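Mapped onto our numbering, the consecutive letters of the sequence shown carry residue numbers 934 to 1293.
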Amino acid sequence: MPDITIQNLTKVYEESGDEIVAVDDVTLTIADGEFVTLVGPSGCGKTTTLRCVAGLNTPTSGTIHFGERDVTGIPVQERNIALLFQDIALYPHMSVQENMAYGLKIAGFSRKERIARVEEAAGLLQITDQLEKMPSELSGGQQQRVALGRSLVRDPEVFLFDEPMSDLDAKLKAELRPVIEKVTDEIGCPTLYVTHDQEEAMTMSDRVAVINDGELEQVAPPKEIYDEPESKFVSQFIGQPSTQFFDGRVRAVNGRGTLVVGDYEYEVSDGLKGWSGDDVRVGLRPQYITVSDDAEAGIPATHLLDEPLGDATHSFFETEFGEVIVVTDPDFEGNGGEYGLVFQSDYIRLFDVDSGVRIA
Ligand code: ATP
């Protein structure tokens, strides 16, 4: 199967005389067999990127290749792709079997071949016992499996998914996620999966591509995106609860950069040397902040409330930097009084105040 190569893709829409840059110079390669998720907030250009790869939108500039083949100007029906949307749109008057076989019938496949392909796909999707049912008798998750099966039987070169699970409840999502992973793994084509749900992106992908305002911010494996975000945006968007931010300042001490936050100083890394005298944005994931009973041991914080989740508690504090969420122990119960928030210095990440680019 071919790689997908997106090269300098830009898409500009015109609306009432205004230009909207939906996708801005995106370059991304999805290797054969690789599962890449394009994730970002609403309106950041995810769907437009996917539609250009599918051939449903024409790029303003840039190219799309499947392997060596330049498909930029080639219509969707000539691209041999499996496309799955949020909107499932099965034929309501056809059984599951007929829905899955319909495209093959139109393409002139024999009855024997149609049955064989549908049975193989149904086995992979664990819907063999549903083949005689009508779409109205299926749950949303099962309907989405049928829609996936309809694409699978065509032997696609490339998988494209646009928020296929956004209409499903949490339980159905959890059931469908491993099915999509298994199917894309077994078929082994490159997969581009669009979602605004960072949990889906983190759990399903080989690499996550974070897009913001039409531009790619970072492309990396999920753990790297989480631990080593290259920008404040990525740090904030990936992870729940989100990264907590504080104002800091870099001070030179004996030729080394030292981070100052409120009344506290932290040795962060040699990478701070050139930043002396500058304000920086300090980011910490909420599990790397420790709550001390001693209000003077860290950033002064007034306890607001706790949300116990069973395996952990989300505790809210008011500080001079605004409201801060800390992931505390399952049995933590704040008393509404004063605490000190202590940073675990290995996990401090620093960002440029203006550009949001990671400094250290
Ligand atoms: P969502 O998650 O809400 O679907 P998205 O990240 O997929 O958002 P796009 O749908 O690609 O984002 O839209 C990117 C930008 O392009 C938005 O500002 C959107 O309003 C604009 N846009 C999308 N399609 C069109 C169109 N056909 N005509 C004009 N503007 C469009």
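Backbone N, C-alpha and C define an ideal beta-carbon position, used for all residues, glycine too. Model, not experiment: these values are computed from the prediction.
At a cut-off of 7 Å, the beta-carbon of T980 counts as near the ligand ATP: some heavy atom of the ligand is closer than that. Per DSSP, reduced to three states, the secondary structure at N1032 is helical. Contact between the stretch 1169-1180 and the stretch 1236-1245 is absent, with fewer than three C-beta pairs closer than 8 Å. Residue pairing by DSSP puts E1256 in a beta bridge opposite E1251. For E948, the three-state secondary structure derived from DSSP is strand. Taking each of L1093, A1234, L1071 and R1078 in turn and checking the Cα distance to E1253, the smallest one comes out for A1234. The DSSP-derived three-state label of D965 is coil. Approximately 13 Å separates the beta-carbon atoms of L1125 and L1149; this is outside 8 Å, ruling out the contact. Cβ contact annotation for S975 (same chain, cutoff 7 Å, sequence separation greater than five): H1129, in chain order. K1115 and G1056 have their C-alpha atoms some 12 Å from each other. With 16 or more neighbouring CB atoms inside 10 Å of its own CB, G973 falls in the buried class. By the neighbour-count criterion, in which 16 or more other beta carbons inside 10 Å mark a residue as buried, V1186 falls on the exposed side. In the DSSP assignment, the residues bridged to N1145 are E1148.
The Cβ neighbour count for S1168, taken over all protein chains shown within 10 Å, is at least 16; the residue is labelled buried. Classified as exposed, P1154 has fewer than 16 neighbouring CB atoms from the shown chains inside 10 Å of its CB.
Distance from the CA of D1226 to the CA of E1157, rounded to the nearest whole angstrom, comes to 33 Å.
The beta-carbon separation of V1112 and L1058, rounded to 6 Å, stays under the 8 Å limit for a contact. DSSP lists no bridge partner for Y1024.
For the set V954, T1117 and R1110, the Cα lying nearest the Cα of M1135 is the one of R1110.
Not one heavy atom of the ligand ATP falls within 7 Å of the beta-carbon of Y1159. It is roughly 50 Å from the alpha-carbon of V1257 to the alpha-carbon of P1025. The way I'd put it, the stretch 1011-1025 does touch the stretch 1087-1101; three or more beta-carbon pairs between them come closer than 8 Å.
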